[in-house]
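Asker:
Chains as they are written, first to last, in our numbering: chain A, 165 to 274; chain B, 26 to 138.
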């Protein structure tokens, strides 16, 4: 079974800083998701990727299939980016059967 | 932008009671999912549903749980004879295809007393 590890567990940054959150997994996957969980609990899907790199606004997600590693970058961080960021992987032909990481709690101070 | 909606946002029930959590997926989506998150723990997959039947389920999804799509819009999770350890946030999600991005609802917080 896949093990999904995220680092760091907690991250505090000053507004404007460049942020990197890492995710590694142990077994080959068909897709990797980056999710954002707000303080109220709601979950928003940020990226789904199976190779290369994706960019949306100030967010960039990369994946290295050979290394079994993905990173989520936030440029010019802002206090509204404060949330828990969760990495989740999908194996093989599975659909919604995702294996989730524990999440990285990000706090961006003004 | 279309959203997945879940009701109620918070449900309190007594141990042993049955609860039904409701979800309205995005209208042109074909795949539906339930996940749960016990307070302070990771999100866990419960079940996926496609073409009016369960396509995958986890070990957590035992006979206590059932899902149904009673009409063209609702997708429900029924928990029979609730236990204290069923207290969690339950998230519904949907996707257009099986390998498409997921859209999550805001969750239902279930408290079993």
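Note that beta-carbon positions come from the ideal geometry of N, C-alpha and C, so glycine has one too.
Quick check on residue 69 (chain B) - is its C-beta less than 9 angstroms from some C-beta in chain A?
Answerer: Answer yes: the Cβ-Cβ gap between residue 69 (chain B) and chain A drops below 9 angstroms somewhere.
Asker: Just to confirm, does residue 42 (chain B) get its C-beta within under 8 angstroms of one of the non-hydrogen atoms of the ligand MG?
Answerer: With respect to the ligand MG, the structure shown offers nothing to examine, as it has no ligands at all.
Asker: Taking residue 186 (chain A) as part of the beta strand (DSSP E), name the residues at either end of that continuous run.
Answerer: For residue 186 (chain A), the uninterrupted beta strand (DSSP E) run begins and ends at 183-189, by DSSP.
Asker: Report yes or no: do the stretch 226-236 of chain A and the stretch 181-194 of chain A share at least 3 C-beta pairs separated by less than 8 angstroms?
Answerer: yes
Asker: Can you check whether the C-beta of residue 78 (chain B) is within less than 9 angstroms of a C-beta belonging to chain A?
Answerer: no
Asker: Hey, quick one: how far does the beta strand (DSSP E) through residue 311 (chain A) stretch, first residue to last?
Answerer: Limits of chain A in this structure are 165 at one end and 274 at the other, which puts residue 311 (chain A) out of reach.
Asker: Could you check what DSSP says for residue 109 (chain B) in three-state terms: helix, strand or coil?
Answerer: helix
Asker: When you check each C-beta in the stretch 263-274 of chain A against every C-beta of chain B, which residues fall closer than 9 angstroms?
Answerer: 263, 264, 265, 266, 267
Asker: Measuring straight from C-alpha to C-alpha, what distance separates residue 55 (chain B) and residue 121 (chain B)?
Answerer: 5 angstroms
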